[in-house]
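J.:
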Amino acid sequence: MKVNPKSIEYNSIEEVLNFVRDYNAGNMLRFLNAIEDNSGNILVKEDVQVKESALTRLKEIKGQYNPEFKIKLTKELTGQIQDKLAEKIVLQLKQTDKKFLKFMYEENKFNFKGIIRNGLNNRKHLLSLFKVFEKNPNFFRHICELGLLSLGIVLIPDALKYKMLRRYSFLGGIFMDIARVTGDHWNRPFPDDTEKTRIAKQCANFMQKLDLPEFVCSAASNHVPLGLQDNVEVVAAGSKKSDRENPDETFFAELMVDDGESDSIPDDEDDAGLPDKSEDVLRELLTDSLKIARYIHTVSSFSHDKEYVMEELVYFLAYNTSRGYFNEVLANPLVNLFKQFEENVKRMRKLAEVEMQCLHPPAAWAYPKPKASQVLCKNKVWDCPNIVQGWDIHVISSQEAFGWVGSSLSADHYPKCKLEEELDSLPEIEPKKTEKK
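So this is what it looks like as structure tokens:
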């Protein structure tokens, strides 16, 4: 597969069919080149809408033509890719194993999906992420989490409602490792501050080639907090020069062509247009949001004690903020959110202890999680001595505790369990604060 500002190129009809299916692009397909059979006869004309029947026919006569397909990137098709890629990024909130990242967005009231979609309105940015997703989905998930963390950090404080800050924070996060796509060093901690700084600057330099604003690139270049205590035991990557990370920019070589079509999709959100703060102010805030995002991602990814990593993180985030490593305007609201998350974690562990007292495990289910006030028998063991007769619980819609590990609970009638009495001793969870818009 090749991607350039004008087309996506495939060398098999199967790849074209997969693209059409994955991006729901059946009625948007046009080829920049005519498809000819081995005798020179035209099977599909250039720059005409390709019907599904034509693709089916091409699959049937595979081998009788030159399989070179250059899919034209019309504005309509580019917009479709933008929609689908934004969905993939948001989907990472469900797929990630980082519980705090899920919790951060569960608590958020902003239209972050719109911010993410509009953040992809530059064609070069969009196609870069498209190629990463298609060629290296694991790395795509990695940079998605960095982008989501960076965006979430600037969404939390009430005082930070600067125009375009959210979008640029998301873009800075999702692109600050972009040049590392061809290696595997991104999947392990940096061996030292020197290497961390070197890679940050190389990635930032490449971000400029992708037409990211200068102040976003500058934030990415300078976001590494030297000497920061992250409470992670880092195993050195090795001292051999051959193991030194060398980002390979050739992965994006076809996209470096300047065709004058970088900005092709209009915004449809209020968070658009020029920033309402100076670039110096944005640069400082973006640097700090990327710095905190990197810190959270590093600790939560590489800590040896995964079960208690978030409880450790809240203390170290507060500690490093007090030492001046993090901007208090960004970090303090985050610390407060961490503390609420920590209380939820503690309560969930207590709920699990209550459920483990079940006489017919795993039937006991504290409901609804995490603010459970009842315990029901999920498996409907009616002859269990813990069943409270005549007090059935009606679950009106299926339940899945977002952000927590556990099975789902279908809508139905369930018998009440006496273990509910154990819930009285559990700590209360503070109610969510309503976000003022």
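So for the sequence shown, the working numbering puts the first residue at 1; every next one is plus one. We treat Cβ as the ideally placed atom computed from N, Cα and C, and that holds for glycine. Quantities reported herein were computed from a predicted structural model and do not represent experimental measurements.
Could you name the residues of the same chain whose beta carbon sits closer than 8 Å to that of L210, not counting the 5 residues immediately before and after it, in chain order?
T.: As a first step, residue 210 is located in the sequence shown; it is residue number 210 there, counting from the start. Correct list, in chain order: K124, H125, S128, F175, I178, F252 and L255.
J.: Which stretch, first to last residue, makes up the alpha helix (DSSP H) that contains L148?
T.: As a first step, residue 148 must be located in the sequence shown, where it is residue number 148. Here the alpha helix (DSSP H) through L148 covers P137 to L155.
J.: Residues in its own chain within less than 8 Å of S397 by CB, not counting five upstream and five downstream?
T.: By one-based count along the sequence shown, residue 397 stands at place 397. Correct list, in chain order: A411.
J.: Here's a check: name, in chain order, each residue in its chain whose Cβ is nearer than 6 Å to the Cβ of N11, leaving out the five neighbours to either side.
T.: Position 11 of the sequence shown, counted from the first residue, corresponds to residue 11. Once the five neighbours on either side are set aside, the close Cβ partners of N11 are P67.
J.: Is the CB-CB distance between L155 and A219 below 7 Å?
T.: Mapped onto the sequence shown, residue 155 falls at position 155. Mapped onto the sequence shown, residue 219 falls at position 219. Going by C-beta atoms, L155 is not nearer than 7 Å to A219.
J.: Could you check whether I13 and K72 sit closer than 7 Å to each other, using their CB atoms as the reference points?
T.: Against the sequence shown, residue 72 aligns to sequence position 72. Against the sequence shown, residue 13 aligns to sequence position 13. Against a cut-off of 7 Å, the Cβ pair of I13 and K72 comes out as no contact.
J.: Do you know offhand how far K102's Cα is from Q92's?
T.: In the sequence shown, the residue the question calls residue 102 occupies position 102. In the sequence shown, the residue the question calls residue 92 occupies position 92. Taking the straight line from one Cα to the other gives about 9 Å.
J.: What's the C-alpha gap between F215 and A200?
T.: On the sequence shown, position 215 is the one that residue 215 refers to. On the sequence shown, position 200 is the one that residue 200 refers to. Approximately 14 Å between the Cα atoms of the pair.
J.: Is W186 helix, strand or coil by DSSP?
T.: Within the sequence shown, the letter at position 186 stands for residue 186. Here W186 sits in helix by DSSP.
J.: With DSSP as the reference, label E9 as helix, strand or coil.
T.: Position 9 of the sequence shown, counted from the first residue, corresponds to residue 9. Strand, per DSSP.
J.: Which residues bound the beta strand (DSSP E) around L43?
T.: The residue given as residue 43 occupies position 43 in the sequence shown. First-last of the beta strand (DSSP E) with L43: I42 to V44.
J.: Looking only at its own chain, which residues have a Cβ that is under 8 Å from the Cβ of R131, when we skip the five neighbours before and after it?
T.: Here residue 131 is taken as the residue at index 131 of the sequence shown, counted from 1. First, the amino acid is wrong: residue 131 is Lys here, not Arg. These residues qualify, in order along the chain: M1, V3, F251, F252 and L255.
J.: When the Cα atoms are used, what is the spatial distance from P157 to F206?
T.: The sequence position of residue 157 within the sequence shown is 157, counting from 1. The sequence position of residue 206 within the sequence shown is 206, counting from 1. Distance between the alpha carbons of P157 and F206 is about 30 Å.
J.: Please specify which runs of the alpha helix (DSSP H), each continuous and at least 4 residues long, are wholly inside the region 56-126, giving them in chain order.
T.: Whole alpha helix (DSSP H) segments, 4+ residues: 75-95, 99-106 and 112-119.
J.: Give the single residue among N108, V354, N187 and G173 whose Cα lies nearest to the Cα of N136.
T.: One-based indexing of the sequence shown puts residue 136 at position 136. Among N108, V354, N187 and G173, the Cα nearest to that of N136 belongs to N187.
J.: Of the choices L423, D424 and W391, whose alpha-carbon is the least far from that of S413?
T.: Taking the sequence shown and counting its residues from 1, one reaches residue 413 at position 413. It is His, not Ser, that sits at residue 413 in the sequence shown. The residue with the shortest Cα to Cα distance from H413 is W391.
J.: Could you tell me if K378 is buried or exposed, where buried requires 16 or more neighbouring beta carbons within 10 angstroms of its beta carbon?
T.: As a first step, residue 378 must be located in the sequence shown, where it is residue number 378. So K378 ends up on the buried side.
J.: Quickly, what does DSSP pair W391 with across the bridge? List them, please.
T.: Translated into the one-based positions of the sequence shown, residue 391 becomes position 391. W391 pairs with nothing; no bridge assigned.
J.: Closest to S7 by CA distance: which of L29, G114 and K88 is it?
T.: Translated into the one-based positions of the sequence shown, residue 7 becomes position 7. Selected option, being the one with the closest Cα: L29.
J.: So, for D37: in the same chain, excluding its five sequence neighbours on each side, which residues have a beta-carbon less than 7 Å away from its beta-carbon?
T.: To locate residue 37, count along the sequence shown from 1; it is residue 37. Correct list, in chain order: L43, Q64 and Y65.
J.: If I'm right that S303 touches F100 with Cβ under 8 Å, what's the distance once you round it to whole angstroms?
T.: As a first step, residue 303 is located in the sequence shown; it is residue number 303 there, counting from the start. As a first step, residue 100 is located in the sequence shown; it is residue number 100 there, counting from the start. In fact, because the Cβ distance is near 12 Å, the residues do not count as touching under 8 Å.
J.: Output the distance between the C-alpha atoms of M348 and V388, rounded to the nearest integer angstrom.
T.: Taking the first residue of the sequence shown as position 1, residue 348 is located at position 348. Taking the first residue of the sequence shown as position 1, residue 388 is located at position 388. Going by the C-alpha atoms only, they are around 23 Å apart.
J.: Mind checking which residues open and close the alpha helix (DSSP H) that includes D288?
T.: Residue mapping note: residue 288 aligns to position 288 of the sequence shown, counting from 1. Looking at the DSSP string, the run of the alpha helix (DSSP H) that includes D288 is E279 to F302.
J.: Check whether the Cβ atoms of R167 and I89 lie closer than 7 Å to each other.
T.: Looking up residue 167 in the sequence shown gives position 167. Looking up residue 89 in the sequence shown gives position 89. Cβ atoms of R167 and I89: not closer than 7 Å.
J.: Opposite E36 in the DSSP bridges: which residues?
T.: Counting from one through the sequence shown, the residue named residue 36 turns up at place 36. Answer is I42, bridged to E36.
J.: Taking its Cβ as the centre, do 16 or more other Cβ atoms sit within 10 Å of V257, making it buried, or is it exposed?
T.: Counted from its first residue, the sequence shown places residue 257 at position 257. Burial call: exposed.
J.: Measuring only the C-alpha atoms, how far is P362 from L419?
T.: On the sequence shown, position 362 is the one that residue 362 refers to. On the sequence shown, position 419 is the one that residue 419 refers to. P362 and L419: Cα-Cα distance of roughly 13 Å.
J.: Only counting the same chain, and skipping five residues up and downstream in sequence, which positions put a Cβ closer than 7 Å to that of K45?
T.: Here residue 45 refers to the residue found at position 45 when the sequence shown is read from its first residue. These residues qualify, in order along the chain: A34.
J.: Tell me which residues share the same chain as G273 and place their Cβ nearer than 6 Å to its Cβ, disregarding the 5 neighbours each side in the sequence.
T.: Stepping through the sequence shown from its first residue, residue 273 is reached at position 273. Bear in mind that a pLDDT of 48 at G273, under 50, signals an unreliable position, so the number given afterwards is only what the model happens to contain. So no residue of the chain qualifies.
J.: Near K240, which residues of its chain fall below 7 Å by C-beta distance, leaving aside the five closest residues on each side in sequence?
T.: The residue labelled residue 240 in the question sits at position 240 within the sequence shown. The predicted position of K240 is uncertain, since its pLDDT is 49 and thus under 50; a value taken from the coordinates is nonetheless stated next. There are no such residues.
J.: Which whole-angstrom value is the C-beta distance of L165 and L285, which I expect to be below 8 Å?
T.: As a first step, residue 165 is located in the sequence shown; it is residue number 165 there, counting from the start. As a first step, residue 285 is located in the sequence shown; it is residue number 285 there, counting from the start. The Cβ separation is near 6 Å, so the contact holds.
J.: Let's test the definition: count the other Cβ atoms within 10 Å of the Cβ of M356 and tell me whether it reaches 16, buried, or not, exposed.
T.: Position 356 of the sequence shown, counted from the first residue, corresponds to residue 356. Result: exposed.
J.: What does the alpha-carbon distance come out to for the pair T287 and L148?
T.: Counting from 1 along the sequence shown, the entry for residue 287 is found at position 287. Counting from 1 along the sequence shown, the entry for residue 148 is found at position 148. T287 and L148: Cα-Cα distance of roughly 15 Å.
J.: Could you give the distance in angstroms between the alpha-carbon of D270 and the alpha-carbon of K113?
T.: Here residue 270 refers to the residue found at position 270 when the sequence shown is read from its first residue. Here residue 113 refers to the residue found at position 113 when the sequence shown is read from its first residue. Note that D270 scores 45 on pLDDT, short of 50, meaning its location in the model is unreliable; the coordinates nonetheless yield the value given after this. Each residue's Cα considered, the two are about 13 Å apart.
J.: So L55 and L17 are supposed to be a Cβ contact under 8 Å. How far apart are they, rounded?
T.: In the sequence shown, the residue the question calls residue 55 occupies position 55. In the sequence shown, the residue the question calls residue 17 occupies position 17. That belief holds up - the Cβ atoms of L55 and L17 are roughly 6 Å apart, short of 8 Å.
J.: Measuring only the C-alpha atoms, how far is E134 from H223?
T.: Stepping through the sequence shown from its first residue, residue 134 is reached at position 134. Stepping through the sequence shown from its first residue, residue 223 is reached at position 223. The alpha-carbon atoms of E134 and H223 are separated by roughly 28 Å.
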